[in-house]
Amino acid sequence: MASGVKPRVKVPKSASAGETITIKTLISHTMESGQRKDSDGNVIPRSIINRFVASFNGETVIDVKMEPAISTNPFFEFEAKVPEAGEFVFTWYDDDGDVYEAKKSIAVN
Amino acid sequence: MNLTRRETMALGLGATAMAFLPFRVAASATDDAVAAFTGGAEMADAGVTLTAPEIAENGNTVPIAVDAPGAVAIMVLATGNPLPNVATFSFGPLAGSHSASTRIRLAGTQDVVAIARMADGTFARTASTVKVTIGGCGG
Amino acid sequence: MNMKPIAQTRASALAFAAALAFAAGPAVAGADDDQLIINEELEIVTETAAPAHLDGVDVIYSGWRFRSDETQSLQMDDFDNPAMVFVDQALELWETVDGSEGKACASCHEDVAAFKGLKTSLPRVENGELVTLTDLVNECRTERMGAEAWKYSGGQMSAMTALIAHQSRGMAMNVSIDGDAAPFWELGKELYYTRVGQLQLACANCHEDNYGNMIRADHLSQGQINGFPTYRLKNAKINTVHGRFKGCMSNIRAVPFAEGSPEFEALELYVASRGQGLSVESPAVRN
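Chains A, B and C supply the protein sequences, listed in that same order. Number 48 in this note's numbering belongs to position 48 of the first sequence; there are no gaps in the numbering. Going from the second sequence to this note's numbering is simple: count from 1 and add 1000. Going from the third sequence to this note's numbering is simple: count from 1 and add 2000.
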């Protein structure tokens, strides 16, 4: 699944110190459940993103353990506190060992 | 005798479980998942909210949201799926709320369950039935 | 006692059975009244008077109006819309050199925004031939880039056509149906009203005579294509118009025309003309 995986993240460009903001993340991934069979009747092996972590300046916002029941092209929406200016790091962990990362800076005004 | 919606559903579930063995297997997989998360602790009825559509237009992509003020983590289970585990959200120090939304797969009409582990080690549980429709030409 | 819930269950089971019968329950007939505003700023026309050439319908509605609130909401914000990851991928493809001429799309066209408005007029006739957006992309690839044509509904083509169509989002569909286009449009119209397949259904039987009614548990739309290429929850990818036509034909047990065939191109023109005045929504989200 390494090719073509593409994250898309919505983070406001700025916030006031201590503000709570809403973040949305989407990543392209088939999330093959391991429950399906191919046309020859063989089980298609599971291949999913199994974990998603959002952090800000090194501190965790949310850490999600993901199972095959998460839809294709996984989407998450959640809220984060922004104590100071800095950088959000979003990380998706694939079953195959690949790690996908997106970063977004936010200014504090 | 006044039954709550949940109690009514529990009665229905019990009856179904007796009729269909596979359902019991699935139910016990759910029980196992719950036990792994709670260690068998009691679960309060209040404290966690699960938002899910009453009818899902397509079981491939069912939007859900969970919210449990003060929770450390929230586990979501789809009791009628081949594998009931869906996701576990763990909230860090910079979580702006103890809530999250995602989109999940449901193999058919079933109960979706959310269980929150609170900071004090107690648990809360809620459930919501989602009807998954068969498509028309939409399949 | 728990009699009440059981009675309710029976009632809803009956309602469900009635709904299966391809007939209107009053509660489900028609489009809903919701209004589509994308990213809290872009107003989309999802309902307007039918174009003059259309006899069987007075008001035309986007397929968005027939979907559940949950599905509708996926299209109201570009960070909720799962199709947008593929539009982003196409932006990378836009910049990617391919073929013997060492060109990318961007080499000639620079900014994809230059194609604002293009989608509203497609398909259209060029040099006596009806061309779709897909044809235009592949013509560029084979004749100017020296690259292989992309597969009609392949991932790259559906993403690229979604990206280009997206530039026209919010603009009204406005295809030419007379002059050079007239014979193609007539062919498309004939196909639209011709019953085919084991179920002996024409497009019109569902999408003109029965829109708003339930077909099994699904709410029939007018079959408008102003949202294509569109993301479908069913297969979790971007779907092309011809891919959708093919699916419809298979469902009525007909042998589908090929994607990119003259028949489907003519049908695409005719169906596009049934949606004149609706906003381009590409990429839409449907079930």
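We put the CB at the ideal spot given by N, CA and C, even for glycine.
Boundaries of the alpha helix (DSSP H) in which residue i is found, first to last residue
i: residue 108 (chain A); result: Careful: residue 108 (chain A) lies outside any alpha helix (DSSP H), inside the beta strand (DSSP E) at 99-108.
i: residue 2272 (chain C); result: 2262-2274
i: residue 2086 (chain C); result: 2084-2095
i: residue 6 (chain A); result: Note, residue 6 (chain A): premise wrong, no alpha helix (DSSP H); not H, not E.
i: residue 2182 (chain C); result: 2182-2193
i: residue 2133 (chain C); result: 2133-2139
Three-state secondary structure (DSSP) of residue i
i: residue 2053 (chain C); result: coil
i: residue 72 (chain A); result: coil
i: residue 1034 (chain B); result: helix
i: residue 2153 (chain C); result: coil
i: residue 1125 (chain B); result: strand
i: residue 2072 (chain C); result: helix
i: residue 2109 (chain C); result: helix
i: residue 2043 (chain C); result: strand
i: residue 77 (chain A); result: strand
i: residue 2239 (chain C); result: strand
i: residue 2067 (chain C); result: coil
i: residue 1091 (chain B); result: strand
i: residue 2257 (chain C); result: coil
i: residue 2158 (chain C); result: helix
i: residue 37 (chain A); result: strand
i: residue 1024 (chain B); result: Here the model assigns residue 1024 (chain B) a pLDDT of 48, short of 50, so the residue's position is not dependable, and the following value carries that caveat. Here residue 1024 (chain B) sits in helix by DSSP.
i: residue 2220 (chain C); result: coil
i: residue 1131 (chain B); result: strand
Chain C contact residues for residue i, given Cβ-Cβ distances below 8 angstroms
i: residue 73 (chain A); result: 2082, 2085 and 2236
i: residue 8 (chain A); result: 2079, 2084, 2085 and 2088
i: residue 24 (chain A); result: 2077, 2079 and 2080
i: residue 1049 (chain B); result: Correct list: empty, because the minimum Cβ distance to chain C is about 17 angstroms.
Paired residues, beta bridge with residue i - DSSP
i: residue 1085 (chain B); result: B:1077
i: residue 2170 (chain C); result: Its beta-bridge partners do not exist; DSSP assigns none.
i: residue 1104 (chain B); result: A:70 and B:1062
i: residue 2037 (chain C); result: C:2043
i: residue 2060 (chain C); result: C:2048
i: residue 90 (chain A); result: A:54 and A:102
i: residue 31 (chain A); result: Beta-bridge pairing links residue 31 (chain A) to no other residue.
i: residue 65 (chain A); result: A:51 and B:1088
i: residue 59 (chain A); result: A:56
Exposure label - residue i; buried when at least 16 CB within 10 Å
i: residue 2164 (chain C); result: buried
i: residue 2203 (chain C); result: buried
i: residue 2272 (chain C); result: buried
i: residue 2036 (chain C); result: buried
i: residue 1028 (chain B); result: exposed
i: residue 2189 (chain C); result: buried
i: residue 2053 (chain C); result: exposed
i: residue 44 (chain A); result: exposed
i: residue 2227 (chain C); result: buried
i: residue 13 (chain A); result: exposed
i: residue 2070 (chain C); result: buried
Run of the beta strand (DSSP E) containing residue i, from where it starts to where it stops
i: residue 2211 (chain C); result: Here residue 2211 (chain C) belongs to no beta strand (DSSP E), and DSSP marks it neither H nor E.
i: residue 50 (chain A); result: 49-56
i: residue 2126 (chain C); result: 2124-2126
i: residue 26 (chain A); result: 19-27
i: residue 1048 (chain B); result: Unbroken run through residue 1048 (chain B): none, as it is neither H nor E.
Within chain C, partners of residue i - CB distance below 9 angstroms
i: residue 28 (chain A); result: 2082, 2085, 2086, 2088 and 2089
Contact set between residue i and chain B, taken where Cβ atoms lie within less than 9 angstroms
i: residue 64 (chain A); result: 1087, 1088, 1089, 1090, 1100 and 1102
i: residue 70 (chain A); result: 1086, 1087, 1102, 1103, 1104 and 1105
The ligand MG heavy atom lying under 6 angstroms from the CB of residue i
i: residue 1085 (chain B); result: Annotation note on the ligand MG: not contained in the displayed structure, which lists no ligands.
Within chain A, partners of residue i - CB distance below 9 angstroms
i: residue 2066 (chain C); result: Those within 9 angstroms of residue 2066 (chain C) in chain A number zero; the least Cβ separation is about 22 angstroms.
Proximal residues of chain B, C-beta to C-beta of residue i below 8 angstroms
i: residue 2205 (chain C); result: Neighbours of residue 2205 (chain C) on chain B: none; closest Cβ ~11 angstroms, over 8 angstroms.
Neighbouring residues, chain A, relative to residue i (Cβ below 7 angstroms)
i: residue 1096 (chain B); result: 20, 21, 79, 80 and 81
i: residue 1093 (chain B); result: 59 and 60
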